[in-house]
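In my numbering, the protein residues as written are 1232 to 1484.
Written out as structure tokens, the structure is:
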């Protein structure tokens, strides 16, 4: 196993980074856009940063899943529809991470994100007002295919993958941002766990660094999920746009 020495200061930095990442993972699904770069800055090589991050951010998924389930804000039918293809996609993505051109993939993701942000802007009620209706077969098919592609990206790189789950839940399933924050945790957990297992098998996870990230992301997600109903969908939408816009800029760099 690849080992790295961790100073106390690094431990605290990673925990703090995990807390911030856990907050964003809960509300906009873009926490890895923060955690992966920090892991690289404090000393992990790129592939180790990606692998270690996949294991660490599972803390966010577990905490958020627990708290949103307690509040009754998870649509398990929609969650399973997204989780299964995402898990399969993650298996593929994690297995090609060492061979694929990450730069081009990130730019494609950034371009698609801009398009979807525009679609949400053109529909002021999207994510704010509950608009769930009986879905047609082609909508289920679209949800499965897009979730599968999200899983591939989630297994490959992961930063911003959760954001696409928000898109699917809001634009196809008609959920609010608050409902999506809860429901997406299950699909997020499925592709994170699959990717983490593959990265562990490939030996590109540093467990010493993954522990503080797990602790921080768990704490950040738990606290943000606990207070989620005090924020409201309107503010969540504003936070979503600010963070995702910043994520697009970073992906294009």
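Virtual Cβ for every residue (Gly too), placed ideally from N, Cα, C.
| request: Alpha carbon to alpha carbon, how far is residue 1263 from residue 1252? Give it in angstroms, no decimals. | output: Numbered from its first residue, the chain shown carries residue 1252 at position 21. Numbered from its first residue, the chain shown carries residue 1263 at position 32. Whole-angstrom Cα-Cα distance: 7 Å.
| message | For residue 1325 and residue 1430, I'd like the C-alpha separation in whole angstroms. | response | Along the chain shown, read from residue 1 onward, the residue named residue 1325 stands at position 94. Along the chain shown, read from residue 1 onward, the residue named residue 1430 stands at position 199. Straight-line Cα distance between these residues: approximately 7 Å.
| task | Could you check which residue in 1319, 1414, 1312 has the C-alpha nearest to that of residue 1368? | result | Within the chain shown, the letter at position 137 stands for residue 1368. Among 1319, 1414, 1312, the Cα nearest to that of residue 1368 is on 1312.
| Can you tell which of 1445, 1480, 1458 has its C-alpha closest to the C-alpha of residue 1283? | As a working mapping, residue 1283 is identified with position 52 in the chain shown. Minimum Cα distance to residue 1283 is reached at 1445.
| request: State the Cα-Cα distance for the pair residue 1398 and residue 1389, rounded to the nearest angstrom. | output: Counted from its first residue, the chain shown places residue 1398 at position 167. Counted from its first residue, the chain shown places residue 1389 at position 158. Cα to Cα, residue 1398 sits roughly 15 Å from residue 1389.
| Close beta carbons around residue 1417, own chain, < 6 Å, minus the five adjacent residues each side | Locating residue 1417 in the chain shown gives position 186, where the first residue counts as 1. So the qualifying residues of the chain are 1310, 1314.
| field | Three-state class that DSSP yields for residue 1243 in the structure shown | value | Within the chain shown, numbered from 1, the residue matching residue 1243 stands at position 12. Helix, per DSSP.
| request: Check residue 1256 in the structure and name its three-state DSSP category. | output: If you number the chain shown from 1, residue 1256 lands on position 25. Helix, per DSSP.
| Supposed contact pair residue 1322 and residue 1425 - C-beta distance, whole angstroms, cut 8 Å | Locating residue 1425 in the chain shown gives position 194, where the first residue counts as 1. Locating residue 1322 in the chain shown gives position 91, where the first residue counts as 1. Contact holds; Cβ gap of about 5 Å.
| query | Just the Cα atoms here: how many angstroms apart are residue 1261 and residue 1381? | reply | Looking up residue 1261 in the chain shown gives position 30. Looking up residue 1381 in the chain shown gives position 150. Distance between the alpha carbons of residue 1261 and residue 1381 is about 13 Å.
| task | Go ahead and pull the three-state DSSP assignment for residue 1271. | result | On the chain shown, position 40 is the one that residue 1271 refers to. It is helical.
| Taking Cβ positions, are residue 1294 and residue 1421 nearer each other than 8 Å? | Locating residue 1294 in the chain shown gives position 63, where the first residue counts as 1. Locating residue 1421 in the chain shown gives position 190, where the first residue counts as 1. Result no, Cβ atoms of residue 1294 and residue 1421 do not sit closer than 8 Å.
| message | Is the separation between the beta-carbon of residue 1392 and that of residue 1289 shorter than 8 Å? | response | Within the chain shown, the letter at position 161 stands for residue 1392. Within the chain shown, the letter at position 58 stands for residue 1289. Taking 8 Å as the Cβ cut-off, residue 1392 and residue 1289 do not qualify as a contacting pair.
| task | Report back the beta-carbon spacing between residue 1441 and residue 1275 to the nearest angstrom; my notes put them in contact at under 8 Å. | result | Residue 1441 sits at position 210 when you count from the first residue of the chain shown. Residue 1275 sits at position 44 when you count from the first residue of the chain shown. Not confirmed; about 10 Å, so no contact.
| task | Go ahead and pull the three-state DSSP assignment for residue 1293. | result | For this step, residue 1293 is matched to residue 62 along the chain shown. In this structure, residue 1293 counts as helix in the three-state DSSP scheme.
| field | Contact check, residue 1386 vs residue 1303, beta carbons under 8 Å | value | Position 155 of the chain shown, counted from the start, is the residue given in the question as residue 1386. Position 72 of the chain shown, counted from the start, is the residue given in the question as residue 1303. In this structure, residue 1303 does not lie closer than 8 Å to residue 1386 by Cβ.
| message | My assumption, with CB atoms under 8 Å, is that residue 1259 sits in contact with residue 1377. Please give the rounded CB distance. | response | Here residue 1259 corresponds to residue number 28 of the chain shown, with the count starting at 1. Here residue 1377 corresponds to residue number 146 of the chain shown, with the count starting at 1. Not confirmed; about 18 Å, so no contact.
| message | Let's see if you can read the secondary structure: which residues bound the alpha helix (DSSP H) around residue 1425? | response | Counted from its first residue, the chain shown places residue 1425 at position 194. 1408 to 1433 is the span of the alpha helix (DSSP H), which, as asked, contains residue 1425.
| query | Using the beta-carbon count (16 or more within 10 Å), is residue 1291 buried or exposed? | reply | Here residue 1291 corresponds to residue number 60 of the chain shown, with the count starting at 1. Buried is the call here.
| Of the residues 1411, 1439, 1437, 1438, the one placed nearest residue 1459, counting alpha carbons only | Locating residue 1459 in the chain shown gives position 228, where the first residue counts as 1. Here the closest residue by C-alpha is 1411.
| Run of the alpha helix (DSSP H) containing residue 1392, from where it starts to where it stops | Your numbering for residue 1392 matches position 161 in the chain shown. That run of the alpha helix (DSSP H) goes 1392 to 1402.
| Proximity winner among 1448, 1306, 1413, relative to residue 1297 (alpha-carbon distances) | As a first step, residue 1297 must be located in the chain shown, where it is residue number 66. The residue with the shortest Cα to Cα distance from residue 1297 is 1413.
| query | For residue 1257, does the count of other Cβ atoms within 10 angstroms reach 16, so buried, or fall short, so exposed? | reply | Taking the first residue of the chain shown as position 1, residue 1257 is located at position 26. When all chains shown are included, residue 1257 counts as buried.
| message | According to DSSP, simplified to helix, strand and coil, what is residue 1306? | response | Taking the first residue of the chain shown as 1, we reach residue 1306 at position 75. Residue 1306: coil per DSSP, three-state reduction.
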